[in-house]
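To keep things clear, I will list the structure first and then write my remarks on it.
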Amino acid sequence: MTTTASAFDVSPELKRDLQRVFTPALGAGILLSIASIVGAIYSPGDFFHSYLMGYLFWLGLTLGCMGILMLQYLTAGAWGIMTRRTLESASRTLPLCALLFIPVAIGMPWLYDWAHPDLVKNIYVLRHRAVYMNPSMYIGRAVLYFVVWGIVMYFLNKWSLEQDEKGGMEKRLAKLSAPGLLIYVFTISYATIDWAESLENNWFSTIWGFLFVAREGLAAFAFVIIVMALLSRREPLASRFKPAHLHDLGKLLLVFVMLWAYFEFSQLVVIWSGNLTDEIPWYLHRFATSWGWLGVMLIVLEFIVPFLMLLSRPLKRNATALCCVVGLIIFMRWVDLMWIVMPQYYQRGFRLTWMNIVVPASIGCLWIAVFVWQLQKRPLLPLLAPNLEKALEHGE
Amino acid sequence: MADLASVIREECNPPMLSRDMSYHDITDQISSVTEWKKTPKQWWILITITSSLLLLLLAMLTYLVSTGIGVWGNNSPAGWAWDITNFVWWIGIGHAGTLISAILFLLRQKWRTAINRAAEAMTIFAVACAAIFPLFHTGRPWRAVYWLFPIPNTYLHMWQNYRSPLEWDVFAVSTYGTVSILFWYTGLIPDLATLRDRSPNGLRKVMYGIFSLGWRGSSTHWKHYEKAYMILAGISTPLVLSVHTIVSFDFAVSVIPGWHTTVFPPYFVGGAIFSGFAMVMTLLLLSRWALHLENIITMRHLEVMNKVILATSMIVGYSYGTEFFIAWYSGDIYERFHFFNRITGPYWWAWWTMCICNVVIPQFFWVKKMRRNIAVMFIISITTNIGMWFERFVIIVLSLHRDFLPSSWGYFRPTWVDVCTYLGTFGLFLTLYLLFVKFLPMIAIGEVKSTLSAQNHVEHVYAHYLETYEGAETKETHGLA
Chain G
0 MTTTASAFDV SPELKRDLQR VFTPALGAGI LLSIASIVGA IYSPGDFFHS YLMGYLFWLG
60 LTLGCMGILM LQYLTAGAWG IMTRRTLESA SRTLPLCALL FIPVAIGMPW LYDWAHPDLV
120 KNIYVLRHRA VYMNPSMYIG RAVLYFVVWG IVMYFLNKWS LEQDEKGGME KRLAKLSAPG
180 LLIYVFTISY ATIDWAESLE NNWFSTIWGF LFVAREGLAA FAFVIIVMAL LSRREPLASR
240 FKPAHLHDLG KLLLVFVMLW AYFEFSQLVV IWSGNLTDEI PWYLHRFATS WGWLGVMLIV
300 LEFIVPFLML LSRPLKRNAT ALCCVVGLII FMRWVDLMWI VMPQYYQRGF RLTWMNIVVP
360 ASIGCLWIAV FVWQLQKRPL LPLLAPNLEK ALEHGE
Chain R
0 MADLASVIRE ECNPPMLSRD MSYHDITDQI SSVTEWKKTP KQWWILITIT SSLLLLLLAM
60 LTYLVSTGIG VWGNNSPAGW AWDITNFVWW IGIGHAGTLI SAILFLLRQK WRTAINRAAE
120 AMTIFAVACA AIFPLFHTGR PWRAVYWLFP IPNTYLHMWQ NYRSPLEWDV FAVSTYGTVS
180 ILFWYTGLIP DLATLRDRSP NGLRKVMYGI FSLGWRGSST HWKHYEKAYM ILAGISTPLV
240 LSVHTIVSFD FAVSVIPGWH TTVFPPYFVG GAIFSGFAMV MTLLLLSRWA LHLENIITMR
300 HLEVMNKVIL ATSMIVGYSY GTEFFIAWYS GDIYERFHFF NRITGPYWWA WWTMCICNVV
360 IPQFFWVKKM RRNIAVMFII SITTNIGMWF ERFVIIVLSL HRDFLPSSWG YFRPTWVDVC
420 TYLGTFGLFL TLYLLFVKFL PMIAIGEVKS TLSAQNHVEH VYAHYLETYE GAETKETHGL
480 A
């Protein structure tokens, strides 16, 4: 089979389709951002809570995709070659995410007890942690995380481009991915302790880092499947991305569903069994009030239903059916983050405001616009990747 | 383009098996080990040593049963000590077999084929060793069936506590043992038939004939076999996670500092794979050297295994670090004391041994030369297993010896019976392994052949690829003409 570089370029029809997504996404992003800013002036607490939730969701996609990008270099599977460009484009939204961190930093007093000196003075555990958990250290660490992620993202994308031009970079990319993946797991663990675990004073869990890796991986994989299904309607992927590829992605999605559920279950069973006053309030806020219904939804709609459906072979090979399951998972990721972030602020029970939807949507529209813009920049398949022939052949 | 071709050939797809091998060579080489005309002297020497250790185990267990479990060093405050450390260590060793045979099969990792059979055998032998400790920890193992399994009885007037992970363990470990044996045996059937067909008439032919279940190698047989193998792989996969997760729950659902921590399930699974791979590596290196299997268990296999060892070492290292950080972050004085006690308390040497063996030493595997150096990988496989034994010792004994009440603090010392029983389990494990090597094909003949077939196919594709870009000459220079 002979292929030329231009064969994998975004086709004019696809370009037109992508443009049809880009412009409305950008427009909606700007309009929703304005609405969010109005909301922020009107009710800053609501705004920042919703913002943190939305931010964790979209940053999770960026970092999750970057993690999976490194994983596919390390494992060198055929599925990785097909999804590489989507993963790369998602990773290149990192500068936007870094910029969008600024409101989180501004919102610290509305988000965290430890950002209030008077509370720190009176609550033992906050006083104990103050040397580590204080506003300047929090921002300092965030800057460090973004710099580290930025460096990894930069080289992953730079060398991949060089791979397209002259080839022979695969080994170097795999060499970067090994420590890169390690750095990702380590940094995301500590970043999410700062950003999400510290929301409640009496909450600490050692599996938190792994749990966020699984949460982000699941969301990212679901997102990649939707994008691949949409891209495969047009050339260059229409003739190359086959049900066998989709099937593989569906199987790996099932793995992420199980991994996520496994980590969540492990945390729940250990905390529930211990029933210690220091730890159990986190679950009491989330299960003993009307928030508990969201918890039940998570078990049913993010684990049981997708798990049972993804066992089906025909479903995994059918783009529309698979995308329905994937859509459900992505929606449940948003519900999960709401369940993680919001009960801290509304301990009496479930509450949904317009900002819970509009603020994450505003971040999302901007994110999608940047993603679609980046997606058009490179051919949709890495021409000189050593396993490309094998990957294409796998679908036949 | 020539650069690209060499990258494809040598780095991204180095051959898994030697290129000049035929199917017949593979059958011959692997079967010949089980067809020794005269069993080598070395094998007899080894089995004499290991069966002596096995006798030691039997003697220790007899002594324990006839005297009482007081002969073990377990006592307040360390009610679990040497015995449960050994249980967790052995059960962990089994995990590599299941991971290699089931998960890597589902992930289509062809390199597993050269090592899966021996690794699966180790799983079964390791589970047998592990089961001894909780069973004899009951003191009256012949009654254990009523204590452990929910068998209705009026004899003991007791019923199991289903909320206890110890009860879950009974089901997890027995399921694990059963599925591992089934999986191993299913994989063996075609190879047993090969041995049957090669055997002269006699007992040997009859025995292989019985156990190969009338296998004729027809396409229907293969079709059913492949389906059964796939289903068993699917069933085994959750077991890789579930068994050690439940073992970790034995500790984590309590409220004891050092035990009650949410990272335990993935941390235990990671550690189990880490130690399991190390043990597989130790025995494979010895078998490879003794039986001259260098062309089948190639450097590529060993290197990939070393990468898995490095990755799982990072998982345990990450878990050690996170436990320390969260102990501090929680503000809980008991948690903080416990972790401080790990480093500076009376058992400081155990903690430092664990860290050096499990986190520091495997870092050598970042360097390719080290990953491909037989001596280095042999040493690291040994230090890893030492480190992983100490990890269980640290978790179990260090968490118990100084609990909430300083008045009940103590210092655990193993008795000679503890030590000898542990040595004895090596006797059981190694004796079974030696018998396995002598009587069964230690490498999956059918699967290695399928790898060779896939390798030939891939090379054919690359040959075509090179010809397209470079012409027939380049193809020739790469030995693919």
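These protein sequence lines are chains G and R, in that order.
Numbered according to numbering that gives the first Met the number 0, the first sequence spans residues 0 to 395.
Numbered according to numbering that gives the first Met the number 0, the second sequence spans residues 0 to 480.
Note that CB positions come from ideal geometry on N, CA and C, so glycine has one too.
Enclosing alpha helix (DSSP H) for residue i [first to last residue]
i: G:Gln-266; result: 242-273
i: R:Trp-141; result: 140-147
i: G:Ala-89; result: 77-90
i: R:His-220; result: 218-251
i: R:Gly-337; result: Residue identity differs from the one stated: residue 337 of chain R is His in this sequence, not Gly. Per DSSP, R:His-337 belongs to the alpha helix (DSSP H) from 332-343.
i: G:Ala-18; result: Note that residue 18 of chain G corresponds to Gln in the displayed sequence, not to Ala. Where G:Gln-18 is concerned, the enclosing alpha helix (DSSP H) stretches over 11-41.
i: R:His-259; result: It is not in any alpha helix (DSSP H) - R:His-259 carries neither H nor E in the DSSP assignment.
i: R:Tyr-421; result: 415-438
i: G:Gly-326; result: 318-340
i: G:Ile-207; result: In the sequence on display, residue 207 of chain G carries Trp and not Ile. Run containing G:Trp-207: 207-230, per the alpha helix (DSSP H) assignment.
i: R:Thr-26; result: 22-33
i: G:His-127; result: 123-128
i: G:His-284; result: 280-286
i: G:Lys-389; result: 387-393
i: G:Pro-102; result: 101-105
i: R:Ile-150; result: Run containing R:Ile-150: none; DSSP gives neither H nor E here.
i: R:Thr-185; result: 164-197
Contacts around residue i, its chain only, beta-carbon distance under 8 angstroms, and the 5 residues preceding and following it disregarded
i: G:Leu-17; result: Val-9, Val-371, Leu-374 and Gln-375
i: G:Arg-312; result: His-246
i: R:Val-6; result: Because the pLDDT at R:Val-6 is just 47, under 50, the model does not fix this residue reliably, and the point stays unresolved.
i: R:Tyr-22; result: Lys-448 and Leu-451
i: G:Asn-156; result: Glu-87, Ser-90 and Arg-91
i: G:Phe-349; result: Thr-288, Ser-289, Trp-290, Trp-292 and Leu-293
Residues near residue i by beta carbon distance below 6 angstroms, same chain, minus five either side
i: G:Leu-175; result: Phe-154
i: R:Thr-311; result: Gly-269, Ile-272 and Phe-273
i: G:Ala-219; result: Leu-60, Gly-63, Cys-64 and Ile-67
i: G:Leu-380; result: Phe-7
i: R:Val-393; result: Ala-349, Trp-350 and Met-353
i: R:Arg-111; result: Ile-99 and Leu-103
i: G:Asn-201; result: Asp-277 and Pro-280
i: G:Phe-222; result: Leu-60
i: R:Thr-343; result: none
i: G:Tyr-72; result: Leu-172, Ala-173 and Ser-176
i: R:Ile-395; result: Trp-79, Ile-83 and Thr-84
i: R:Arg-371; result: Met-298 and Glu-302
i: R:Ala-129; result: Phe-86, Trp-89 and Ile-90
i: R:Ile-314; result: Gly-269
Same chain, Cβ closer than 7 angstroms to residue i, five either side skipped, listed in chain order
i: R:Leu-3; result: Unreliable positioning characterises R:Leu-3 in this predicted model, as indicated by a pLDDT of 49, which lies under 50. A coordinate reading is not provided.
i: R:Leu-433; result: Trp-42, Leu-45, Ile-46 and Thr-49
task: Could I get the ranges of all uninterrupted alpha helix (DSSP H) runs contained in the segment 66-127 of chain R, with 4 residues as the minimum, in chain order?
output: Segments of the alpha helix (DSSP H) lying fully in the segment 66-127 of chain R: 81-92 and 94-97.
- request: Residues of the segment 263-284 of chain R with a CB closer than 9 angstroms to any CB of chain G: list them in chain order, please.
  value: Contact annotation: in the segment 263-284 of chain R, residues whose CB is within less than 9 angstroms of a CB in chain G are Phe-263, Pro-264, Pro-265 and Tyr-266.
query: Along the chain, which unbroken stretches of the beta strand (DSSP E) at least 3 residues long are found entirely within the segment 352-383 of chain G?
result: Qualifying beta strand (DSSP E) stretches: none in this window.
Segment contact flag, the segment 136-156 of chain G with the segment 178-193 of chain G, C-beta cutoff 8 angstroms, min 3 pairs: Yes, the segment 136-156 of chain G touches the segment 178-193 of chain G.
- request: Anything in the segment 326-339 of chain R with a Cβ closer than 8 angstroms to a Cβ of chain G? List those residues in chain order, please.
  value: So the list reads Tyr-328, Ser-329, Gly-330 and Asp-331, given in the order they occur along the chain.
- prompt: Unbroken alpha helix (DSSP H) runs of length 4 or more, entirely within the segment 285-338 of chain R: which are they?
  reply: Here the runs fully enclosed are 298-329.
task: Using a Cβ-Cβ cut-off of less than 9 angstroms, list which residues of the segment 185-196 of chain G approach chain R; keep chain order.
output: Under the 9 angstroms Cβ criterion, the segment 185-196 of chain G contributes Phe-185, Ser-188, Tyr-189, Ile-192 and Glu-196.
- prompt: Taking any Cβ of chain R, which residues in the segment 195-209 of chain G have a Cβ under 8 angstroms from it, in chain order?
  reply: Those would be Phe-203, Ser-204, Thr-205, Ile-206, Trp-207, Gly-208 and Phe-209, in chain order.
- prompt: Does the pairing of the segment 206-222 of chain G with the segment 115-129 of chain G give three or more beta-carbon distances under 8 angstroms?
  reply: The segment 206-222 of chain G makes no contact with the segment 115-129 of chain G: fewer than 3 CB pairs, one atom from each, lie closer than 8 angstroms.
task: Determine which residues of the segment 294-322 of chain R have a Cβ less than 8 angstroms from any Cβ of chain G, and write them out in chain order.
output: If the cut-off is 8 angstroms between Cβ atoms, the segment 294-322 of chain R has Met-313, Tyr-317, Ser-318, Thr-321 and Glu-322 near chain G.
query: Counting Cβ pairs, one atom from each stretch, are 3 or more of them under 8 angstroms apart for the segment 279-296 of chain R and the segment 372-390 of chain R?
result: A contact exists between the segment 279-296 of chain R and the segment 372-390 of chain R.
query: What residues in the segment 57-71 of chain G have a beta carbon less than 7 angstroms from any beta carbon of chain R?
result: So the list is empty, because no residue satisfies the distance condition.
query: When the Cβ atoms of the segment 90-97 of chain G are set against those of the segment 242-257 of chain G, are three or more pairs found closer than 8 angstroms?
result: Contact between the segment 90-97 of chain G and the segment 242-257 of chain G is not established, with fewer than three Cβ pairs separated by less than 8 angstroms.
- request: Output, in sequence order along the chain, the residues in the segment 244-256 of chain R whose CB is closer than 9 angstroms to any CB in chain G.
  value: Hits within the stretch, in order: Thr-244, Ser-247, Phe-248, Ala-251, Val-252, Ser-253 and Val-254.
message: For the segment 154-174 of chain G, list every residue whose C-beta sits within 7 angstroms of some C-beta in chain R, in sequence order.
response: Flagged, chain order: Gly-166, Gly-167, Glu-169 and Lys-170.
message: Does the structure place the segment 306-324 of chain R close enough to the segment 258-269 of chain R that three or more beta carbon pairs sit under 8 angstroms?
response: Touching, yes.
field: Interfacial residues, the segment 118-141 of chain G to chain R, with Cβ spacing under 9 angstroms
entry: Taking 9 angstroms as the cut-off between beta carbons, the residues of the segment 118-141 of chain G near chain R are Tyr-123, Val-124, Leu-125, Arg-126, His-127, Arg-128, Tyr-131 and Met-132, in sequence order.
Secondary structure, alpha helix (DSSP H): runs of 4+ residues fully inside the segment 342-392 of chain R: Runs of the alpha helix (DSSP H) spanning 4 or more residues and lying entirely within the segment 342-392 of chain R occur at 347-354, 367-370 and 373-392, in chain order.
query: Between the segment 53-62 of chain R and the segment 218-226 of chain R, are three or more C-beta pairs nearer than 8 angstroms?
result: A contact is defined here as three or more CB-CB pairs under 8 angstroms, and the segment 53-62 of chain R fails this definition with respect to the segment 218-226 of chain R.
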